[in-house]
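Colleague: Residue numbers (the numbering used here): 73 to 185.
(1) What is the DSSP secondary structure of residue 73, reduced to helix, strand or coil?
(2) Using a beta-carbon distance below 7 angstroms, is residue 91 in contact with chain B?
(3) According to the neighbour-count rule (16 or more other Cβ atoms, all chains shown, within 10 Å of its Cβ), is residue 123 buried or exposed?
(4) If you count every other CB in all the chains shown that lies within 10 Å of the CB of residue 118, and 16 or more means buried, which is it?
(5) When you compare only the Cα positions, how much space is there between residue 111 and residue 156?
The structure is reproduced here in structure tokens:
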């Protein structure tokens, strides 16, 4: 799956301004087991990182956040159910607070294998 956005078109990075703007980047690993408990090197600082369950939930939570934002904007629609995060929905509700906490610097949790 790919969501085409301004980052793909213009190479811009995550929004750090006070203005509302969203970029959604998704990579695809066909099976969760391909990244679960994999150690890799962070491309920015060279430190070793482990992609454990907590890290995967945190990073994929952006998907649940986007689903909830759409649900709030289009309440008459049937929301998509992202199966890997069933049971974590309340952790990823779209709000100004989640924008400032969960969404801020989300790209720092990207997974590079």
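Here a beta-carbon is modelled for each residue, glycine too, at the ideal position from N, C-alpha and C.
Modeller: Answer, in terms of the structure:
(1) Since pLDDT at residue 73 reaches only 48, below the 50 mark, its modelled position is unreliable, and the value read off the structure follows with that caveat. DSSP places residue 73 in coil when its eight states are reduced to three.
(2) Given the protein chain composition of this structure (a single chain), no chain B is represented.
(3) Label assigned to residue 123: buried.
(4) When all chains shown are included, residue 118 counts as exposed.
(5) Taking the CA atoms as reference points, residue 111 sits about 21 angstroms from residue 156.
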